[in-house]
Amino acid sequence: MSFSIASPAVEMRHITKRFGPVIANDSVDFTLERQEIHALLGENGAGKTTLMRILYGLYHADDGEIRIKGEPVTIHSPKDAIARGIGMVTQHFALAAPLSVTENVILGYTEGFRLGLPDARLRVAEAAQRFGILVDPEALVKDLSVGQRQRVEILKALYRNADVLILDEPTAVLTPQEVEQLFEGLRRLQAQGLSVVFISHKLHEVMDITDRVTVLRGGRVVGVVPTAHTTQSELARMMVGRPTYGVSKPDAARREDVLLRLENVCAEDNQGLPALKNVSLNVHAGEILGLAGVSGNGQRELAQVLEGVRSCTGGRVIANGHDITNAGPDKVMAAGVGRIPEDRHESVVAEMTVAQNMALEHLDEFVRNGMLDKRRIREHAEALIEAYQIKARPDDIIRTLSGGNMQKVILARVLERNPAVLVVAQPTRGLDVGATEYVRQKLLEQRQRGAAILLISEDLDEILELSDRIAVIYEGEIMGVVSPDVDIEHLGLLMSGVHQT
Amino acid sequence: MRFRIERNPSPVWLRPLIPLLAIVFTMVLTSTLVLLVGANPFAAYYYFLVEPLSSRVSAIEVLVKSTPLLLTGAAVTFAFVGGYWNIGAEGQLLMGATAATAIGLQMEGVPPWLAIPLMLAGGFAAGMLWALAPALMRVKLAIDEVVTTLLLNSVAFLIVSALLNGPWRDPVSQWPQSPEIAASAIFPKLIPRTRLHLGFIIAVVVIILIWFVLTRTAFGLRMRAVGLGSDAARFAGIHVDRTLLTAALVSGGIAGLAGVNEVAGIHYHLIDAISGGNGYTGIIVATLGTLNAWGVALAAVFIGLIDTGAQSVSRALGVPSYLGGVIQAALLLVTLAFLLLQHYRIRRVR
Chain A
419 MSFSIASPAV EMRHITKRFG PVIANDSVDF TLERQEIHAL LGENGAGKTT
469 LMRILYGLYH ADDGEIRIKG EPVTIHSPKD AIARGIGMVT QHFALAAPLS
519 VTENVILGYT EGFRLGLPDA RLRVAEAAQR FGILVDPEAL VKDLSVGQRQ
569 RVEILKALYR NADVLILDEP TAVLTPQEVE QLFEGLRRLQ AQGLSVVFIS
619 HKLHEVMDIT DRVTVLRGGR VVGVVPTAHT TQSELARMMV GRPTYGVSKP
669 DAARREDVLL RLENVCAEDN QGLPALKNVS LNVHAGEILG LAGVSGNGQR
719 ELAQVLEGVR SCTGGRVIAN GHDITNAGPD KVMAAGVGRI PEDRHESVVA
769 EMTVAQNMAL EHLDEFVRNG MLDKRRIREH AEALIEAYQI KARPDDIIRT
819 LSGGNMQKVI LARVLERNPA VLVVAQPTRG LDVGATEYVR QKLLEQRQRG
869 AAILLISEDL DEILELSDRI AVIYEGEIMG VVSPDVDIEH LGLLMSGVHQ
919 T
Chain B
246 MRFRIERNPS PVWLRPLIPL LAIVFTMVLT STLVLLVGAN PFAAYYYFLV
296 EPLSSRVSAI EVLVKSTPLL LTGAAVTFAF VGGYWNIGAE GQLLMGATAA
346 TAIGLQMEGV PPWLAIPLML AGGFAAGMLW ALAPALMRVK LAIDEVVTTL
396 LLNSVAFLIV SALLNGPWRD PVSQWPQSPE IAASAIFPKL IPRTRLHLGF
446 IIAVVVIILI WFVLTRTAFG LRMRAVGLGS DAARFAGIHV DRTLLTAALV
496 SGGIAGLAGV NEVAGIHYHL IDAISGGNGY TGIIVATLGT LNAWGVALAA
546 VFIGLIDTGA QSVSRALGVP SYLGGVIQAA LLLVTLAFLL LQHYRIRRVR
């Protein structure tokens, strides 16, 4: 009787993995049925990625058992995993940009001395055809969009005969249209016999594409449910451990005065190529202007120009009545601009203390008789820690803080000065639900106070939730400014560079 | 069985002990060398570390030996804290010594209260000047200062050599050494019939000053921020270039003072061996002292002790006095390894 039922594609039992004192996976059970798309849902740090890295041979479990198609296995390395038919596509693609699609696909999967590129090209084209993955085998990877590169990664796994595909947050870098294409492709591959692990924390995508959901919290499984029998709010509650409320956006607070004005701003990226092309934007007092766009379209450079750490090659920036074009960070701050940068390690000195970092931007205010007033630095930190509910002591080294607390340190340092203008980049990236809600709430409070806020984010949900208006950037150009109740299709088209008609 | 290195910082209580552990480990390591030359390691380390402190005269000699190290150690520390890797204390010391000689030779009839400050100022300025070019190249052109400061050491040595074989050659003996500086320019002795001189007080004052600047002033905190994370420091509105330049120039100036110290306190004329490697040893002192002013003071006295001990051990046991140098070098490597390893832990994996 038992052999009439095919054993599951993957079974992981009692998997435990510790990192020093932290238990990343605590006796986790996970079963992936054949031809199933199975979501692994959880907050950052819940243990989703760790579990899949164990399956892919990147980590080794301290305890537990893995069976693949019913057979107990030990996976020492990704090589073993690939041999067992497991493929993994991470958020950071492992592709060689100067090489072609074919070369990337066969890289590390060649036999013998001769490369046999023409044959390989045919086989890769044939595989692409069979799996319905639309990609030119002769194109160079560097010329491909992010969505196309992801397809190459998937093709690479399938070409190695993977029948289990692990996708780690695959939609984080895609436009809405590309997400739809990805999902269509996955459904087709599922019909051909593929099983998929879909790691995500985006509930609507999980509802959309998956058959079953395993929810992880704090390294433990809190539930396994068929997607058809659950709801987004139930999943959210399982994931966070309490009901989530989201943030409620109060009525518009926008005033007429423009506090941040960009006029034809041009700038170059680190390679000296144009990254911003005549960007003009106005941000009003009491308004959040969201800047939407796929990663790498000039958002980073724009934030840096406004933060005073990148010079522009043309145009003007007026903040709060001061011309801050090509001004350094000190002048930008003096003009009343508060800055929450994309890379938290770019704005705090990781090896210094919380109190020192909180004082660093305005050290002159903490000097008495030519000496540092250490007591004031400490009291200042204590007050901010209290006001912003930061779980840290003034003398803690920043490096030891969680991402959420580190972000709160930066937030506290900036917001305590009631800046007229706020430049905020990726403010909730990598934060858990609680910290994310906190940060968003604080931004809305600043909006009510009358700050002009430029919110640069690659999280489209965040932009839609917080913004009063949305500007879309593509290859350094502003494609248009739309209202947040815009049709999502239209927004997606703007993000992929299709001009407004 | 395989091993894996994991990032895992050691507990806070262990950190101050790391230089001590490094010293013990170095002794164990170098005891094989002592055995090779046929001496008893325990006896050798007794003469290295204990014997010099057993008499008043040799204990004072330890302080004499540590005086230039206090200065070069302070110089290197000041630069390293700001993230400026000044390997050029040796050359800056030589230039300070050259300036001190040039001024000291002209001080006949000038009272000491004027002659000595003039020499100190001249030595400081010369050290700064020698540090200026690499610092500007780092700040303006992003050229690695490790290379430029190191190469300039040889240039400084050749300049000293040229002076001693040319215009400053001693007219009486014809040796490649300068004439003696004026009597009023010579540092007064602190204790009669010893070699301990005014330079020791100056060195202690410099140590106190760098402690104050690094830990008690806004400038010190900014410098630390630049050293620990220059991007974050720039983001916070700190003028990184200006801070680096200041760190480099002050460091060069302090190293220049070490040169004044050797001319006016020990030799009274310029010779090409004036530095005795103290510029390089300053790097060992700063590292062993974990870039902390008090740690640097302890490290300077410790190295001064080994220097003094190297002579007593060779007298007593017939061991080559070079062994002192070997121990110092081994100590630097071991300390660096220990300081690095404190962030890691080696684990066995199945």
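Chains as they are written, first to last, in the working numbering: chain A, 419 to 919; chain B, 246 to 595.
Just so it is clear, CB atoms sit at the ideal spot from N, CA and C, and this is done for glycine as well.
Straight-line Cα distance separating residue j from residue i
i              : j              : result
G341 (chain B) : L259 (chain B) : 39 Å
G482 (chain B) : P362 (chain B) : 37 Å
I263 (chain B) : L584 (chain B) : 7 Å
S406 (chain B) : P421 (chain B) : 8 Å
R921 (chain A) : T449 (chain A) : The first residue shown for chain A is 419 and the last is 919, placing residue 921 (chain A) beyond what the model contains.
V309 (chain B) : Q351 (chain B) : 26 Å
N579 (chain A) : L607 (chain A) : 13 Å
M751 (chain A) : A870 (chain A) : 14 Å
A889 (chain A) : N823 (chain A) : 29 Å
G501 (chain B) : A401 (chain B) : 12 Å
G868 (chain A) : M506 (chain A) : 46 Å
A703 (chain A) : Y527 (chain A) : 57 Å
P379 (chain B) : D814 (chain A) : 36 Å
G521 (chain B) : T532 (chain B) : 19 Å
S422 (chain A) : V446 (chain A) : Unreliable placement is indicated for S422 (chain A), whose pLDDT of 39 sits below 50; the coordinate value is still reported in the next sentence. So the two alpha carbons sit approximately 27 Å from each other.
S299 (chain B) : W330 (chain B) : 38 Å
V425 (chain B) : Q774 (chain A) : The displayed chain sequence assigns Glu, not Val, to residue 425 (chain B). Approximately 51 Å between the Cα atoms of the pair.
R502 (chain A) : L604 (chain A) : 20 Å
L781 (chain A) : A463 (chain B) : 6 Å
A575 (chain B) : T271 (chain B) : 6 Å
F457 (chain B) : V451 (chain B) : 10 Å
V614 (chain A) : M470 (chain A) : 12 Å
Cut-off 7 Å between Cβ atoms - residues of its own chain near residue i, not counting five sequence neighbours on either side
i              : result
T467 (chain A) : D586, I617
S566 (chain B) : A555, Q556, S559
L314 (chain B) : N523, T526, G527, V530, A545, I548, G549
H622 (chain A) : Q650
M419 (chain A) : Residue placement at M419 (chain A) is flagged as unreliable, the pLDDT there being 37, under the threshold of 50; the coordinate-derived value follows with that caveat. Contacts found: none.
I388 (chain B) : M382
Sequence-distant residues of its chain with Cβ nearer than 6 Å to residue i (five each side left out)
i              : result
A442 (chain A) : K435, G465, T468, G637
R569 (chain A) : I551, V553
W413 (chain B) : S423
E353 (chain B) : A427
V642 (chain A) : T632
M656 (chain A) : V633, V640, G641
A810 (chain A) : V772, L819, N823
P644 (chain A) : R630
Counterpart residues of residue i in DSSP-defined beta bridges
i              : result
V428 (chain A) : A:L450, A:I486
F616 (chain A) : A:A457, A:L585
D481 (chain A) : A:T434
H702 (chain A) : A:V676
L396 (chain B) : Partner(s): none; L396 (chain B) has no beta bridge.
S518 (chain A) : A:L558
R887 (chain A) : A:L707
L873 (chain A) : A:G708, A:V842
V643 (chain A) : A:V631
N443 (chain A) : A:K435
K434 (chain B) : B:H442
Cutoff 8 Å; reference residue i; Cβ partners in own chain excluding five residues on either side
i              : result
L381 (chain B) : L490
A514 (chain A) : E521, N522, L525, V559
L473 (chain B) : G328
L294 (chain B) : L550, I551, G554
A370 (chain B) : A344, G498, G501
Rounded distance between the beta-carbons of residue j and residue i, thought under 8 Å
i              : j              : result
A542 (chain B) : A430 (chain B) : Their Cβ separation, rounded to whole angstroms, is 27 Å, which puts A542 (chain B) and A430 (chain B) out of contact at 8 Å.
Q825 (chain A) : E876 (chain A) : Incorrect: roughly 16 Å between the Cβ atoms, too far for contact.
Q509 (chain A) : A590 (chain A) : 6 Å
Residue i CB to nearest heavy atom of the ligand ADP below 8 Å
i              : result
R548 (chain A) : Among the components of this structure there are no ligands whatsoever, and the ligand ADP is therefore not found.
Quick check on the DSSP output: what are the complete alpha helix (DSSP H) runs of length 4 or more inside the segment 437-492 of chain B, in order along the chain?
443-461, 463-473, 475-480
Would you list, in sequence order, the uninterrupted alpha helix (DSSP H) runs of no fewer than 4 residues that lie entirely inside the segment 765-813 of chain A?
772-778, 792-805
Which ranges does the alpha helix (DSSP H) cover as unbroken runs of at least 4 residues, wholly within the segment 716-753 of chain A, from first to last along the chain?
717-725, 747-752
In chain order, each beta strand (DSSP E) run of at least 3 residues that lies wholly inside the segment 830-870 of chain A
839-843
What residue ranges within the segment 483-567 of chain B form continuous alpha helix (DSSP H) runs of no fewer than 4 residues, ordered along the chain?
485-506, 523-533, 538-562
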